[in-house]
Every structure is written in structure tokens, then in C-alpha cells.
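Worksheet: the structure to be examined is printed underneath.
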Amino acid sequence: MRRREKLEIIHDILNAIRKHGNSILPTPLLRYSNLSTQNFKRYIEELLKKGLVREIYDESGRKYYTLTDKGFKFLEKYEKIREFIEEFGL
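Each residue of the sequence shown is one higher than the last, beginning at 147 in the numbering used here.
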């Protein structure tokens, strides 16, 4: 099994949020990310800091992660680059 690169991990986290209607609790997102808790926290902090993800809270105080416009744009561009690489066998 190969090791995932940083951009691939970021894509996987953002894509999991998108696939869940752009709103997901931290624990399921941790599971989908397939990272240790420590690494997950590091990635989430970076994504929050860079404005790709934001935290929102519901009426009962539960925290959810959602994508920002910048997060959606990252996914769009990442997937185009991935298609390009596959198309040319790079």
C-alpha cells in the first residue's frame, strides 16, 4: 500500500465533506480521512487557517465542518489536474 501525498490527503478530506452534503461531524470525517487523530487535527487546523474549511455549530452546539468557496475551488482544480495527468499517462 502506497503512502498518500499531502495534496491527496487534503483532497480526500475535502471530498468527504462535499460527499456528505457539505456538512460533516468531526468523528465521521476523521474515519473517512483514514488518518491518526493527531495528523487529522493538524490537517484540519491547516485547512481552517487557509480558508478551505470552516467550522459551524448547530443549535445543540455540535460542531460540523463545511467547505468554503475556496475549498470547492481546490477540489475542482485538483480533479482537473488529476484528469490531465491520467490522460497523458504521467
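Note that the Cβ used here is the ideal one computed from N, Cα and C, for glycine as well.
Can you look up residue 200 in the DSSP assignment and give me helix, strand or coil?
Here residue 200 carries a strand assignment [DSSP, helix/strand/coil].
Considering just the uninterrupted stretch of the alpha helix (DSSP H) at residue 236, what are its terminal residues? Element bounds for residue 236: n/a, residue is neither H nor E.
Which whole runs of the alpha helix (DSSP H) in the segment 162-221 are 4 residues long or more, in chain order?
Within the segment 162-221, the complete alpha helix (DSSP H) runs of at least 4 residues are 172-179, 183-195.
Residue from 236, 232, 155 with nearest C-alpha to residue 188: With distances taken between Cα atoms, residue 188 lies closest to 155.
Could you tell me the distance, in whole angstroms, from the CA atom of residue 158 to the CA atom of residue 225?
-> Distance between the alpha carbons of residue 158 and residue 225 is about 11 Å.
Check your understanding: Do you know offhand how far residue 211's Cα is from residue 165's?
Key -> So the two alpha carbons sit approximately 12 Å from each other.
Does the separation of the CB atoms of residue 208 and residue 171 fall below 9 Å? Result yes, Cβ atoms of residue 208 and residue 171 sit closer than 9 Å.
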